[in-house]
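In terms of the numbering used here, the sequence shown has 966 at position 275, counting the first letter as 1, and numbering is strictly consecutive.
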Amino acid sequence: MDDQRISETLAAIDAAADVDAVEAIRIAALGKQGWISLALKSLGAMASEERTKAAPAIQAAREKIANALAEKKAALDDAALEASLASETLDLTLPASEVPKGSVHPVSQVMDELAEIFADMGFAVATGPEIEDDWHNFTALNMPESHPARAMHDTFYFPQQEGVDHRMLLRTHTSPVQVRTMVSQGAPLRIIAPGRVYRSDSDATHTPMFHQVEGLVIDRGIHLGHLKWTLETFLKAFFEREDIVLRLRPSYFPFTEPSVEADVGFALENGRRVLGGSGDEPGHGWMELLGSGMVNRRVIEMSGLDPDEWQGFAFGVGVDRLAMLKYGMDDLRAFFDGDVRWLRHYGFSPFDQPTLSAGVGARA
Ligand code: DAH
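Here it is, written out as structure tokens:
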């Protein structure tokens, strides 16, 4: 073995200024055609006695050089990391106002507020698919094929697929989540199900896609009093007013029996409806807000539970409408235009998460 060449190589490694130089030395010594590699290869042509004598020196040289290369490379890598850490600093104290800010859409804000209010009453958030089948959207909710309520929903249907029993559609309400949750979780349960729903309808107060939140409580011995208390507690927390007055009016929904519609009292102030007080006072009125009722025993049955053991109540309310009432927007279509000026005006700070302790109402 050429001792001088070995020490020259070690010196060159030591002197190498960067990883490229280290790599060049590695190739010259240990690469396929490197002098150490060729020396190793030459062992194969030797007589075995000669090989036994020569091999240890070559192996030792290879190991020494390989170690020196690895050490030098690690030292250079460390130095490079130190240098980049020192030069690439990030000042976390810079004001965020220099950066374009996003804002939380009123619909998202209201959904967060609802989740917060209902979580405090022990409700979990449940979800279901927006592409639904007609069994979950209608049949299991006590709207069989020929039921007139089906026609009232202006449903977007998908083309009928061969070999598929259930017709697919865009869900027309969040009520199918009631069925899905009873089927998958059984009873007792307490859920809200916020989400998008779709109907073929469009004007200042209707868009083909809008948002609802469904509520469902299933337990033993549930009655209309539980429903009224829950709605009242929710509306007071949501509108942040103690004087919200609720009126339950008999109504009809196929999936509830009895069914009620809940109206809230409002007063007219400067031509605008302000919630609060009884709608029967002079200068006041009632506004229809949400649909609800005791879950129809047929729905409980079709969802796989025994209606003699389990009862419950349900409600459904438009989230967009709640947002309009609370935050004073009057054109629903603007909600979904994606106009950044509207979002800047009506949007909420992402740093302002609704919490019950701090108040669920956001300061826009
Ligand atoms: N699903 C109804 C709709 O979209 C709203 C509704 C009414 C939901 C009464 C309910 C309910 O859960 O009990 O018009």
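Even for Gly, the Cβ is constructed at its ideal location relative to N, Cα and C.
Item                                                                                                                                                                        : Value
Looking only at DSSP bridge pairs, what is Ser698 linked to?                                                                                                                : Note: Ser698 sits in no beta bridge, so no partner.
Just how far apart, CA to CA, sit Ala840 and Gly1007?                                                                                                                       : 16 Å
Please determine whether the Cβ atom of Gly982 lies at a distance below 6 Å from any heavy atom of the ligand DAH.                                                          : yes
What are the uninterrupted segments assigned as beta strand (DSSP E) that are 3 or more residues long and contained completely in the region 862-917, given in chain order? : 880-889, 900-910
Given a cut-off of 7 Å, decide if Ile808 and Phe930 are closer than it, judged by their beta-carbon atoms.                                                                  : no
Let me make sure I understand the geometry here. Which of Ala770, Tyr889, Glu762 has the alpha-carbon closest to that of Pro820?                                            : Tyr889
Does the Cβ-Cβ distance between Gly956 and Gly970 come in under 7 Å?                                                                                                        : yes
Confirm the yes/no value for this check: CB of Ala1014, any heavy atom of the ligand ATP, distance under 6 Å.                                                               : This structure lacks the ligand ATP; its bound ligands are the ligand DAH.
Would you call Ala774 buried or exposed, if buried means 16 or more other Cβ atoms sit within 10 Å of its Cβ?                                                               : exposed
Which of the three DSSP states is assigned to Ala1055 in this structure?                                                                                                    : Reliability fails at Ala1055, whose pLDDT of 43 lies under 50, so the model's placement of it is uncertain and no value is given.
For a test of the three-state rule: what should DSSP assign to Ala679, helix, strand or coil?                                                                               : Because the chain in this structure spans residues 692 to 1055, residue 679 falls outside the shown range and cannot be described.
Under 6 Å: does the beta carbon of Thr784 sit that close to some heavy atom of the ligand DAH?                                                                              : no
Below 8 Å, can you find three or more Cβ-Cβ pairs linking the region 820-833 to the region 864-878?                                                                         : yes
Can you tell me the Cα-Cα spacing of Asp824 and Met859, whole angstroms?                                                                                                    : 4 Å
DSSP three-state call for Leu760: helix, strand or coil?                                                                                                                    : helix
Nearest to Ala842 by alpha carbon, out of Thr863, Gln851, Arg911?                                                                                                           : Thr863
Grouping DSSP H, G and I as helix and E and B as strand, with all else coil, what is Thr830?                                                                                : helix
Which residue comes first and which comes last in the alpha helix (DSSP H) that contains Phe1004?                                                                           : From DSSP, Phe1004 is part of no alpha helix (DSSP H) but of the beta strand (DSSP E) over 1002-1009.
With distances taken between CB atoms, is the gap from Val795 to Val904 smaller than 7 Å?                                                                                   : no
Could you check where the beta strand (DSSP E) with Arg938 kicks off and where it finishes?                                                                                 : 937-944
Am I right that Ala1014 and Pro797 are in contact with their C-beta atoms under 8 Å? What's the rounded C-beta distance?                                                    : 4 Å
Are the region 944-964 and the region 984-994 touching by the rule of at least three beta carbon pairs closer than 8 Å?                                                     : yes
What separation, rounded to the nearest whole angstrom, lies between the Cα atoms of Lys927 and His914?                                                                     : 21 Å
May I have the straight-line CA-CA distance separating Pro998 from His838, to the nearest angstrom?                                                                         : 22 Å
Only counting the same chain, and skipping five residues up and downstream in sequence, which positions put a Cβ closer than 7 Å to that of Thr1046?                        : Glu807
For a test of your reading of the model: does the CB of His636 fall under 6 Å from any non-hydrogen atom of the ligand DAH? Yes or no.                                      : There is simply no residue 636 to check, as the chain begins at 692 and stops at 1055 in what is shown.
Going by DSSP, what residues sit across from Gly1050 in a beta bridge?                                                                                                      : Thr1046
Sorted by chain position, which residues of the same chain lie with C-beta nearer than 8 Å to Leu922's C-beta, five sequence neighbours on each side aside?                 : Leu937, Ala953, Leu981, Ser983, Phe1006
Any idea what DSSP makes of Asp954, helix, strand or coil?                                                                                                                  : strand
Can you have a look at Tyr848 and say buried or exposed, based on whether 16 or more other CB atoms are within 10 angstroms of its CB?                                      : exposed
When we look at the beta-carbon of Trp1001 and count the other beta-carbons within 10 Å, is it buried (16 or more) or exposed?                                              : buried
Using the rule of at least 16 other Cβ atoms within 10 Å of the residue's Cβ for burial, across every protein chain shown, is Arg1012 buried or exposed?                    : buried
Quick one: using the 10 Å Cβ neighbour count with 16 as the cut-off for buried, is Asn700 buried or exposed?                                                                : The sequence shown places Thr at residue 700, rather than the Asn named in the question. Buried, by the Cβ-count rule.
So what's Thr947 in DSSP terms, helix, strand or just coil?                                                                                                                 : strand
For Ser963, count neighbouring Cβ atoms within 10 angstroms of its own Cβ and tell me buried if that reaches 16, exposed if not.                                            : With the sequence shown as reference, residue 963 is identified as Arg, and Ser is not the correct amino acid for it. Exposed, since its Cβ has fewer than 16 Cβ neighbours within 10 Å.
Given a cut-off of 7 Å on the beta-carbon distance, is the pair Gly906 and Ile935 in contact?                                                                               : no
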